[in-house]
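In what follows, a structure is listed as structure tokens, so that the remarks can point back to it.
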Amino acid sequence: MTSIFEITDWAHVASFFIWTLAVCAIAKALFGSLPAAELQYRLSLRDAPRRQRMNRLNWEINNRAEWDEDVARRSRPAAAHRRRDRGEAP
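Residues in the sequence shown are numbered consecutively from 923, following the numbering used here.
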């Protein structure tokens, strides 16, 4: 590979340009291709349950209630149940 400090004529410029294009093409193939996108998608699917558990745990901590579909939707029966758990009047 040609260093920029070794460029003295047009042949070196061309060589440096070709190396630059080759490196850019390899980076594009690795990180911008369909297989790379598929790999990122599959990794996100693998990590989805962990993220969901962490989101629910954070929700439980912030709302001081056990996570439930009704509680998360803030339905009336769930709200009454939550008040009773905390010792408040319905």
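C-beta atoms are modelled at their ideal positions from N, C-alpha and C, and glycine is treated no differently.
Residue i classed as buried or exposed, judged by whether at least 16 other C-beta atoms fall within 10 angstroms
i: Phe927; result: exposed
Presumed contact (8 Å Cβ cut-off) between residue i and residue j, rounded CB distance
i: Leu952; j: Ala944; result: No, Leu952 and Ala944 are not in contact; Cβ-Cβ is about 13 Å, not under 8 Å.
i: Ile948; j: Phe938; result: Contact doesn't hold; Cβ gap of about 16 Å is too wide.
Nearest to residue i (by Cα), restricted to the options the options
i: Glu991; options: Ile983, Arg978 and Asn984; result: Arg978
Sequence ranges, alpha helix (DSSP H) only - wholly within the region 924-961, length at least 4
Here the runs fully enclosed are 932-953.
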